[in-house]
Amino acid sequence: MLLRSALIALSLVGCGSDSPGSVPAAADAASDAADAADGTRTLANCTTSIAADAPEFFKRYFKCVTITVTATSVVIASEGLPPHKSNYWPNASPNWEAFDTSRGAMYLENPNKLQTQALRFTIPKEPVAKPITINASFVDGVVGTNGEEYGLGPVGVAIDSVALFNPLAAPGDDIEDEKYTFDRYNAHPEMRGAYHYHTASMGPLEVLKSIGAVTNTTPGSAELELYGILCDGTVVLGCRELDGSAPAGTLDPQGGHLHDLVDNKGVKLLAGRYHTHVCPSTAGARRFTPEIQYYTTCQK
Ligand SMILES: [Zn+2]
Ligand SMILES: [Zn+2]
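In the working numbering, the protein residues as written are 6 to 305.
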């Protein structure tokens, strides 16, 4: 009870004091400090614990998660709680903000609130490609049409600890309709409170900003765009490669291709890694996460 009343008191102090998106950079630090003081979950105060022997890719980019390694795998555990504001936080949380109604009457909140999750993905260090070629017949946007799709529910984790879902809506729904329930971060929770992304979001780009990798957190405009990793080892990038260049060559029907992931200093972080580009403005790229699991294993 004490905790609950403390949360309510904190929310009275914290809510409405922040208007992200329009805050000049100089005010950003002051508003971050205020957030930390009132108990708001942020990138600055969430707990990140990454094993020293984890691959550099994970050590550099992931926040608010616990990462351990085994001989063959990288194990990512996450509570799936966004280090940013959302209308889907419980109203008593200092992270709660009002639903953004400025986008038009099509946008309506769904009735769920986000809840702490126990996400855990055991991702192979050296994932093995399936013997398939991902062509248009695989990528149809319809759940259950072939055995190579990612499953429903959490299938990966974004670099800000939020769950990643595939782009297939629950049966009877359409992902293009579901997007109207997205919050300002292009996310929403499902019935069990699992808050998740299906598409590009400024949430992961705020991680990149926090480590000095970008100055712009608008999807499509950031200097580089990394969103997260899926259970099988597929990486989800945005309009840009990890080194900031534009994707080159032909992308498969889900915006994917295979090459080394290299940073802007030329350091190879993942060798020969399949990844997809989520980007509405690049030819061949896609607006949503991949539908087809490229590598053999998805261990949750
Ligand atoms: Zn969803
Ligand atoms: Zn690429």
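The beta carbon of each residue, even a glycine, is placed where N, CA and C say it ideally should be.
Check, Outcome
"At a cut-off of 7 Å, is His203 close to ligand 2 when judged by its beta-carbon and the heavy atoms of the ligand?", "no"
"I need the straight-line Cα distance from Asn140 to Gly260, nearest angstrom please.", "11 Å"
"Buried or exposed: Ala274, going by 16 or more other Cβ atoms within 10 Å of its Cβ?", "For the sequence presented, residue 274 should be read as Leu rather than Ala. Leu274 comes out buried."
"Among Val241, Asn269, Leu263 and Tyr299, which residue has its Cα nearest to the Cα of Val283?", "Val241"
"Does the beta-carbon of Val272 have 16 or more other beta-carbons within 10 angstroms, so that it is buried, or is it exposed?", "exposed"
"Find out if the Cβ-Cβ distance for the pair Leu124, Val160 is shorter than 8 Å.", "no"
"Would you call the CB atoms of Gly277 and Asp268 closer than 8 Å?", "no"
"Going by C-alpha distance, which of Ile164, Val144 and Asp165 is nearest Tyr155?", "Val144"
"Which of the three DSSP states is assigned to Pro29 in this structure?", "Residue confidence is low: Pro29 scores 40 on pLDDT, short of 50, so the model does not pin down where it sits. Its coordinate-derived value is still stated next. Correct three-state label for Pro29: coil."
"Can you give me the start and stop residues for the beta strand (DSSP E) that Phe62 sits inside?", "That residue, Phe62, is in no beta strand (DSSP E); its alpha helix (DSSP H) goes Glu61 to Tyr66."
"Beta carbon of His203, beta carbon of Thr294: below 8 Å?", "yes"
"Given that a residue counts as buried once 16 or more other Cβ atoms are within 10 Å of its Cβ, and exposed if not, what is Val147?", "exposed"
"Pick helix, strand or coil for Gly156, following the three-state DSSP scheme.", "coil"
"Would you kindly report the start and end of the unbroken beta strand (DSSP E) that includes Pro194?", "Ala192 to Pro194"
"Where do the ends of the beta strand (DSSP E) carrying Ile72 lie?", "Thr71 to Val74"
"Using a Cβ-Cβ cut-off of 6 Å (strictly less than) and excluding sequence neighbours within five positions of Thr71, which residues of its own chain qualify?", "Ser54 and Ala82"
"Measuring from each Cβ to the nearest heavy atom of ligand 2, keep the ones under 7 Å and list them in chain order.", "Leu242, Glu246, Pro252, His262, His264, His280 and His282"
"Run through the DSSP bridge pairs and tell me what Gln304 is partnered with.", "Thr127"
"Classify Asp265 as helix, strand or coil using the three-state DSSP reduction.", "strand"
"Any idea what DSSP makes of Ile216, helix, strand or coil?", "coil"
"Between His201 and Leu169, is the Cβ-Cβ spacing less than 8 Å?", "yes"
"Bridge partners for Lys273 per DSSP, in chain order?", "Val267"
"Below 8 Å CB to CB, which residues in the same chain sit around Ala59 once its five sequence neighbours on both sides are set aside?", "Ile72, Thr73, Val74 and Val79"
"Pull up the distance between the alpha-carbon of Pro115 and that of Lys184, whole angstroms please.", "Before going on, a small fix: residue 115 reads as Asn here, not Pro. In a straight line, the C-alpha of Asn115 is about 11 Å away from that of Lys184."
"Would Cys244 and Cys303 qualify as a contact pair, given that the criterion is a beta-carbon distance under 8 Å?", "no"
"From which residue to which residue does the alpha helix (DSSP H) around Ile180 run?", "Ile180 to Glu183"
"Buried or exposed: which applies to Pro95, given that a residue is buried once 16 or more other Cβ atoms fall within 10 Å of its Cβ?", "exposed"
"Go through its chain and collect everything with a Cβ distance to Arg46's Cβ below 7 Å, but skip five positions before and after it.", "Leu86, Pro88 and Asn100"
"Among residues of its own chain, excluding the 5 on either side of Pro311, which ones have a beta-carbon nearer than 6 Å to its beta-carbon?", "What the structure shows of the chain is the stretch from 6 to 305, and residue 311 is not part of that stretch, so it cannot be assessed."
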